[in-house]
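Q:
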Amino acid sequence: MPATTAAATTATADVIVIGAGVHGASLAFHLAERGARVIVVERSAVAAGATGRSSGLVRMHYHLLAETRLAWASFPYFRDWAARVGGECGFTRTGFLWMEPADGEARLRANVAAHRALGIETSVVGADDIRRIAPALAVVDGEVAAYEPESGYADPSGTAAGFMRAARDRGATLVRGAAVTAIPVSGGRVTGVETTQGAYAAPVVVDAAGGWAARIAALVGLEIPVTVWRHDTGYVGVPATVARPLPVVIDNPNAQYLRPEGAGLALVGLEDENGLDGDPDRDTADAEPGFAERVTERVIRRVPGLADGTFQSAHSGQDGITPDQRPILGRAGPDGFHLDCGHSGTGFKTAPAVGLGMAELILDGAARSVDLSPFRLERFAEGRPLVGEHGEMPIWR
Ligand SMILES: Cc1cc2nc3c(=O)[nH]c(=O)nc-3n(C[C@H](O)[C@H](O)[C@H](O)COP(=O)(O)OP(=O)(O)OC[C@H]3O[C@@H](n4cnc5c(N)ncnc54)[C@H](O)[C@@H]3O)c2cc1C
């Protein structure tokens with residue numbers, strides 16, 4: 002694409018990050034920690050996209066070991082946030098259950114064995130153990146779960162804001178209300194961005210624009226398979242009669258997940274009937290019509306005591322999703338252009354390690370601390386989408 006000169010350059014950096022969601026903020030933190038000059042350009046405000054709507058689950062269980070490795074490398078940040086980043090990220094250790102029907106046991110056992118080999122505290126538990134761990138749950142004999150006692154949830158907006166604040170403390174600049182409108186390229190290399198608040202120059206530009214990532218990539222003539230995934234979540238009042246503790250639960254047999262929110266609420270999301278291919282600019286203030294009834298009926302199947310609960314509120318959120326529901330990370334398109342996007346509705350918990358690895362890739366030429374290579378863009382053109390080692394069950398269906 003030819004360079005454009007719509008606005009005078011007002012600032013220069015080593016790296017420009019587009020988007021101040023949890024991924025852009027994490028990357029800015031890790032770059033600034035290494036002494037790089039960073040400008041984050043954000044069309045709205047910190048956590049205005051998927052991050053601000055995220056359910057914040059922090060767990061290690063995935064079907065693909067490369068994702069588990071990212072979650073596992075991220076976990077110490079959540080657990081030791083004050084020491085590592087400073088301030089609070091709202092991590093709450095509740096324990097986590099990944100539930101499967103009886104016919105999912107072989108895959109569950111194989112995944113748990115692989116996770117244990119990484120050092121993760123996780124084990125396979127049967128129906129009686131699940132009832133003991135979470136007495137409020139109705140459990141069918143034969144159902145099994147991976148149990149991670151150290152996992153839980155965190156505050157996604159607080160996490161992004163914390164990373165961004167720590168990045169700014171280390172010299173990064175955040176420009177709010179600056180929508181990127183062009184990415185000039187000269188001699189095959191990006192030279193910066195043009196925004197609604199002027200132009201910024203840098204030899205490296207990172208697309209961390211969530212549901213808008215394909216639009217950003219198109220500015221350098223790059224087509225990426227990132228579409229928009231829409232997901233409703235609701236808050237349900239949990240009566241005192243419902244037995245505690247209530248851990249974080251991914252309830253695959255019922256295609257839902259839930260977690261406590263403070264003492265008196267549960268947050269519930271459904272794995273099925275999430276919208277695909279919408280406009281990233283759509284309003285997310287409201288859930289789809291009928292969501293309150295669907296989510297209430299579903300959660301009562303697993304937590305019968307919520308029949309006495311109350312429906313409180315619901316809203317929607319949108320993230321970028323790829324065909325294999327895994328992110329795209331690394332260089333692509335003109336020299337200097339990088340992708341950190343397509344996090345497919347599960348990218349909150351991996352943001353610390355992805356930011357670390359992307360910073361190493363940009364500054365050192367390769368990610369050393371984590372392996373980002375499975376997530377390269379080329380896998381789609383090569384017809385080699387990522388698939389779980391022991392079988393696949395896409396979380397969103
Ligand atoms: C409802 C919901 C629940 C979720 N629950 C979980 C969960 O429990 N656990 C988990 O791990 N993950 C979860 N996720 C996924 C996770 O939240 C996302 O993968 C993650 O927040 C994505 O972060 P991001 O920084 O890539 O994108 P975003 O947070 O969307 O940030 C992208 C930013 O780019 C900005 N931007 C866009 N276009 C431009 C432009 N032209 N110029 C400048 N800025 C621009 C946007 O304003 C936005 O702030 C959930 C997602 C949703 C929607």
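The numbering used here numbers the first residue of the sequence shown as 2 and each following residue consecutively.
Note that the Cβ used here is the ideal one computed from N, Cα and C, for glycine as well.
(1) Would you check whether ligand 2 has a heavy atom nearer than 6 Å to the C-beta of W213?
(2) Please list the terminal residues of the continuous alpha helix (DSSP H) segment that includes A26.
(3) Among P281, P240, V191 and A161, which has the Cα closest to the Cα of W82?
(4) Cα-Cα, which of P305, A128 and G334 is closest to A219?
(5) By the three-class DSSP mapping on this structure, what secondary structure does H116 have?
(6) Give me the residue from F349, P254 and S55 with the minimum Cα distance to H24.
(7) Closest by CA to L259, which one among G159, G153 and D284?
(8) Pairing CB atoms from the segment 210-227 with CB atoms from the segment 298-306, are three or more of them under 8 Å?
(9) Using a Cβ-Cβ cutoff of less than 6 Å, which residues in the same chain neighbour A244 once the five nearest sequence positions on both sides are dropped?
(10) What separation, rounded to the nearest whole angstrom, lies between the Cα atoms of G366 and A200?
(11) Work out the CA separation of T242 and A264 for me, nearest whole Å.
(12) How about the segment 317-331 and the segment 269-289: do they share at least three Cβ pairs that are nearer than 8 Å?
(13) In angstroms with no decimal places, state the Cα-to-Cα distance between G127 and E393.
(14) Relative to the C-alpha of R132, which candidate in I17, A26, V388 and V145 has its C-alpha closest?
(15) Output needed for H360: all residues of its chain with C-beta closer than 7 Å, excluding positions within five of it in sequence on either side, in chain order.
(16) Going by DSSP, what residue range makes up the beta strand (DSSP E) through A146?
(17) Pop quiz: G91 and D170 are said to be a contact at Cβ under 8 Å. What is the actual Cβ separation, rounded to whole angstroms?
(18) So if DSSP puts L268 in a beta bridge, which residue, or which two residues, is it bridged to?
(19) Quick check: is any heavy atom of ligand 1 less than 6 Å from the C-beta of D320?
(20) When the Cα atoms are used, what is the spatial distance from V47 to A103?
(21) So T123 packs on H62, CB below 8 Å; how close in whole Å?
(22) Kindly indicate which three-state DSSP category W397 falls into: helix, strand or coil?
(23) Measuring alpha carbon to alpha carbon, tell me which residue in L247, A37 and Q198 is nearest I134.
(24) How many whole angstroms separate the CB atoms of T69 and A202, which I take to be in contact at a CB cut-off of 8 Å?
(25) Please return the same chain residues whose Cβ sits closer than 6 Å to the Cβ of A74, not counting the five positions on each side in sequence.
(26) Rounded to whole angstroms, what is the Cα-Cα separation between A173 and Y78?
(27) Looking at the structure shown, is G20 part of a helix, part of a strand, or coil, going by DSSP?
A: In terms of the structure at hand:
(1) No copy of ligand 2 appears in this structure; the ligands present are ligand 1.
(2) Residue 26 sits at position 25 when you count from the first residue of the sequence shown. Segment V23 to E34, the alpha helix (DSSP H) holding A26.
(3) Reading the sequence shown from its first residue, position 81 is the one you call residue 82. Among P281, P240, V191 and A161, the Cα nearest to that of W82 belongs to A161.
(4) For the purposes of this step, residue 219 is taken as the residue at position 218 of the sequence shown. Among P305, A128 and G334, the Cα nearest to that of A219 belongs to G334.
(5) As a position in the sequence shown, residue 116 is number 115, starting the count at 1. Correct three-state label for H116: helix.
(6) Taking the first residue of the sequence shown as position 1, residue 24 is located at position 23. Answer by Cα proximity: F349.
(7) Numbered from 1 along the sequence shown, position 258 holds the residue referred to as residue 259. The shortest Cα separation from L259 among G159, G153 and D284 belongs to G153.
(8) no
(9) Reading the sequence shown from its first residue, position 243 is the one you call residue 244. The residues are P136 and A137.
(10) Mapped onto the sequence shown, residue 366 falls at position 365. Mapped onto the sequence shown, residue 200 falls at position 199. Answer to the nearest angstrom: the Cα atoms are 26 Å apart.
(11) Residue numbering aside, residue 264 sits at position 263 when the sequence shown is read from its first letter. Residue numbering aside, residue 242 sits at position 241 when the sequence shown is read from its first letter. So the alpha carbons of these two residues sit roughly 12 Å apart.
(12) yes
(13) Reading the sequence shown from its first residue, position 126 is the one you call residue 127. Reading the sequence shown from its first residue, position 392 is the one you call residue 393. Distance between the alpha carbons of G127 and E393: 21 Å.
(14) For the purposes of this step, residue 132 is taken as the residue at position 131 of the sequence shown. Residue V145 is the option with its Cα nearest to R132.
(15) What you label residue 360 is simply residue 359 of the sequence shown in a count that begins at 1. Looking at the sequence shown, residue 360 is not His but Ala. Once the five neighbours on either side are set aside, the close Cβ partners of A360 are L28, H31, L32 and R35.
(16) As a working note, residue 146 is residue 145 in the sequence shown. Segment V145 to E149, the beta strand (DSSP E) holding A146.
(17) Here residue 91 refers to the residue found at position 90 of the sequence shown. Here residue 170 refers to the residue found at position 169 of the sequence shown. 19 Å between Cβ atoms; not a contact.
(18) Here the question's residue 268 lines up with position 267 in the sequence shown. For L268, which the question treats as bridged, DSSP gives the partners Y236 and R260.
(19) Within the sequence shown, numbered from 1, the residue matching residue 320 stands at position 319. Flag set: Cβ of D320 near ligand 1.
(20) Residue 47 sits at position 46 when you count from the first residue of the sequence shown. Residue 103 sits at position 102 when you count from the first residue of the sequence shown. Going by the C-alpha atoms only, they are around 42 Å apart.
(21) Taking the sequence shown and counting its residues from 1, one reaches residue 123 at position 122. Taking the sequence shown and counting its residues from 1, one reaches residue 62 at position 61. About 7 Å; that satisfies the 8 Å criterion.
(22) Within the sequence shown, numbered from 1, the residue matching residue 397 stands at position 396. Note: W397 maps to coil in three-state DSSP.
(23) Stepping through the sequence shown from its first residue, residue 134 is reached at position 133. Taking only the C-alpha atoms, the option nearest I134 is L247.
(24) Your numbering for residue 69 matches position 68 in the sequence shown. Your numbering for residue 202 matches position 201 in the sequence shown. So it is not a contact: roughly 39 Å between Cβ atoms.
(25) Stepping through the sequence shown from its first residue, residue 74 is reached at position 73. Excluding sequence neighbours, A74 sits near A354 and V371.
(26) In the sequence shown, counting from the first residue as 1, residue 173 sits at position 172. In the sequence shown, counting from the first residue as 1, residue 78 sits at position 77. One C-alpha to the other measures close to 20 Å.
(27) Against the sequence shown, residue 20 aligns to sequence position 19. Of the three classes helix, strand and coil, the one that applies to G20 here is coil, per DSSP.
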